[in-house]
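Protein chains in written order, with my numbering: chain A, -4 to 107; chain B, 813 to 919. The structure appears below as structure tokens.
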Amino acid sequence: QVKLLQSGAALVKPGDSVKMSCKASGYTFTDYIIHWVKQSHGKSLEWIGYINPYSGGTNYNEKFKSKATLTVDKSSSTAYMEFSRLTSEDSAIYYCARVDYWGQGVMVTVSS
Amino acid sequence: DIQMTQSPSSMSASLGDRVTITCRASQDIGNYLSWFQQKPGKSPRRMIYGATNLAAGVPSRFSGSRSGSDYSLTISSLESEDMAIYYCLQSIQYPYTFGAGTKLELK
């Protein structure tokens, strides 16, 4: 069955970066683009961007263009998102998704 | 960016009630509209795609419809397991955008 398994929660300091992973299984990794979505506490969902695992092509929400970097490792069927120059506004849960299937989310807490 | 205006923001209903949640798109999105259910501490689950198509494994009491730029999610007979927050998503244009959510509670 399709699964997207994300890395564990992260506690990071303001100004630092965090890199989270999303390991896909149960389907051909390069057949589906992977989206990343942010959910701040108690709030709605924001689309960050997507990466095409086949080509490596990306498309970012303008709001996150200077903040997020999406990459993939085809050999391990894993997608990555690096979030840089973190502030308290970046504390949230981050999901990877195929839209029809979602990872379990990564809680990122930015605190000194 | 396409704005998705979702209403109501919250509602309470009784078991067995018919419930309807609506999203209005600021531009034409055709049928590129999905509905998601999110329970506390869980990831969103896609319920409806293509505005009217039931996702695999979703109970038949859920349905989606479209009238012009208004999209609706209807639960024909509310069950206790349906208590959740529901979001719409437009996927015709990047950036994808979600509605603000509707919190469905038991009366």
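Even for Gly, the Cβ is constructed at its ideal location relative to N, Cα and C.
Taking C-beta to C-beta, are residue i and residue j nearer than 7 Å?
i: A:Ser79; j: A:Ser35; result: no
i: B:Ala912; j: A:Ser39; result: yes
i: B:Tyr898; j: A:Asn54; result: no
i: A:Gly44; j: A:Trp31; result: yes
i: B:Tyr844; j: B:Ile904; result: yes
i: B:Ser889; j: B:Gly828; result: yes
I'd like to know whether the C-beta of residue i is nearer than 7 Å to at least one C-beta of chain A.
i: B:Ser838; result: no
i: B:Tyr908; result: yes
i: B:Pro856; result: yes
i: B:Gly913; result: yes
For residue i, which residues of its own chain have a beta-carbon under 7 Å away from its beta-carbon, when the five flanking residues on both sides are left out?
i: B:Met895; result: Leu916, Glu917, Leu918
i: A:Asp85; result: Phe78, Val103, Val105
i: A:Trp42; result: His30, Val32, Asn56
i: B:Ile841; result: Ile814, Gln902, Ile904
i: B:Lys851; result: Ala896
Whose CA, out of the options, lies closest to the CA of residue i?
i: A:Ser72; options: A:Leu(-1), A:Gln(-4), A:Ala19; result: A:Ala19
i: A:Leu81; options: A:Ser107, A:Tyr96, A:Leu0, A:Gly21; result: A:Ser107
i: B:Tyr908; options: A:Ala87, A:Gly100, A:Phe59, A:Gln99; result: A:Phe59
i: A:Leu0; options: A:Met76, A:Cys17, A:Lys69; result: A:Cys17
i: A:Met76; options: A:Asp95, A:Pro9, A:Ser61; result: A:Ser61
i: A:Leu65; options: A:Ser50, A:Ile46, A:Glu57, A:Asn56; result: A:Ile46
i: B:Gln849; options: B:Gly880, B:Asp813, B:Ser875, B:Asp882; result: B:Ser875
i: A:Thr25; options: A:Gly100, A:Ile88, A:Ser83, A:Gly52; result: A:Gly52
i: A:Tyr22; options: A:Ala87, A:Tyr90, A:Lys69, A:Lys8; result: A:Lys69
i: A:Ala63; options: A:Met15, A:Val7, A:Ser2; result: A:Met15
Got a sec? Which residues, its chain only, sit under 6 Å from residue i by beta carbon, not counting five neighbours each side?
i: A:Arg93; result: Tyr27
i: B:Gln839; result: Ile814
i: B:Cys835; result: Met816, Gln818, Tyr883, Cys900, Gly911
i: A:Val(-3); result: Gly21, Tyr22, Tyr96
Assuming residue i contacts residue j (C-beta within less than 8 Å), just tell me the rounded distance between them.
i: B:Met816; j: B:Cys900; result: 6 Å
i: B:Ser855; j: A:Trp97; result: 4 Å
i: B:Gln818; j: B:Thr886; result: Contact flag wrong, Cβ pair sits at about 14 Å.
i: B:Arg878; j: B:Ala863; result: 5 Å
i: A:Ala5; j: A:Val67; result: Not a contact, Cβ separation roughly 20 Å.
i: A:Ala74; j: A:Pro48; result: 7 Å
i: B:Ser846; j: B:Arg858; result: 6 Å
Under 7 Å between C-beta atoms, does residue i make it to chain B?
i: A:Asp85; result: no
i: A:Ser16; result: no
i: A:Trp31; result: no
i: A:Asn54; result: yes
i: A:Ser50; result: no
i: A:Ser134; result: Because chain A spans -4 through 107 in this model, residue 134 of chain A falls outside it and cannot be assessed.
i: A:Leu81; result: no
i: A:Asp95; result: yes
i: A:Tyr100; result: At residue 100 of chain A the sequence reads Gly, which differs from the Tyr that was named. Taking Cβ atoms only, chain B reaches closer than 7 Å to A:Gly100, which makes this a yes.
i: A:Ser177; result: Given that chain A is displayed from residue -4 to residue 107, the structure contains no residue 177 of chain A and the question cannot be resolved.
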